[in-house]
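Colleague: Sharing a structure here in structure tokens format.
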Amino acid sequence: MSLDCLTNKSEELSNSTLNFLNQFNNTLACFEHNLQGSIQSFLQLRNYSEVCKNCLIAYKNLSSLYSEMQKMNEHENKAEPGTHLCIDVEDAMNITRKLWSRTFNCSVPCSDTVPVIAVSVFVLFLPVVFYLSSFLHSEQKKRKLILPKRLKSNTSFANIQENSN
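Heads up, the numbering used here is the position in the sequence shown plus 131, with the first residue counted as 1.
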């Protein structure tokens with residue numbers, strides 16, 4: 132399956148490009164349908180929560196198709212680093228992502244937030260565990276009390292004074 136825009140030595144669009152552009156048109160149609168207007172209404176400031184909610188599946192499908200095409204392209208062009216998909220596909224995906232994130236202010240929830248939080252908490256508690264285990268497993272030095280050299284009682288002090296007289 133070639134991921135160039137055109138089929139081999141032909142002026143016809145390849146199947147992967149046709150599939151992507153079809154999905155791209157479906158996503159744009161979903162955006163327009165949920166805006167209840169034309170393309171010009173994209174630029175007006177308003178609440179786009181309906182677009183985000185109703186077009187999430189179409190956007191995810193387009194994004195996953197694009198990611199799949201990128202992986203296939205990298206696999207086919209291992210000998211040529213830095214190769215990209217055709218400009219039409221790249222441009223269409225850039226437009227869609229810009230509309231989704233900047234214009235509509237939508238976001239796709241990341242599935243890797245739980246592992247990131249778990250690793251962060253683990254790393255934050257490492258110093259506490261280290262110092263606690265260091266304290267519990269180390270030998271504590273026993274303190275030697277140095278007794279002051281004083282007289283034990285007044286009676287012995289009195290005896291010393293009598294002996295010195």
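Note that the Cβ used here is the ideal one computed from N, Cα and C, for glycine as well.
Roughly how many angstroms lie between the CA atoms of Asp222 and Asn146, to the nearest whole one?
Modeller: As a working note, residue 222 is residue 91 in the sequence shown. As a working note, residue 146 is residue 15 in the sequence shown. Each residue's Cα considered, the two are about 18 angstroms apart.
Colleague: According to DSSP, is Leu216 part of a helix, a strand, or is it coil?
Modeller: For the purposes of this step, residue 216 is taken as the residue at position 85 of the sequence shown. The answer is coil: DSSP assigns Leu216 none of H, G, I, E or B.
Colleague: Would you report the Cα separation of Ser195 and Ala189, rounded to the nearest angstrom?
Modeller: Within the sequence shown, numbered from 1, the residue matching residue 195 stands at position 64. Within the sequence shown, numbered from 1, the residue matching residue 189 stands at position 58. Taking the straight line joining both Cα atoms gives about 10 angstroms.
Colleague: Let me know the secondary structure DSSP gives Leu278 once reduced to three states.
Modeller: Position 147 of the sequence shown, counting from 1, holds the residue named residue 278. Residue state, collapsed to three classes: coil.
Colleague: Figure out for me which residue from Phe253, Val239 and Lys275 has the closest Cα to the Cα of Asn192.
Modeller: As a working note, residue 192 is residue 61 in the sequence shown. Cα-wise, what sits closest to Asn192 is Val239.
Colleague: What do you get for Cys241, buried or exposed, if any count of 16 or more other CB atoms within 10 angstroms of its CB means buried?
Modeller: Reading the sequence shown from its first residue, position 110 is the one you call residue 241. By the neighbour-count rule (16 or more Cβ atoms within 10 Å), Cys241 is not buried but exposed.
Colleague: Cutting at 7 angstroms between CB atoms, please list the residues of its own chain near Phe162, excluding the five before and the five after it.
Modeller: For the purposes of this step, residue 162 is identified with residue 31 of the sequence shown, where counting begins at 1. Counting only Cβ-Cβ distances below 7 angstroms, and skipping sequence neighbours, we find Val182, Cys186 and Leu230.
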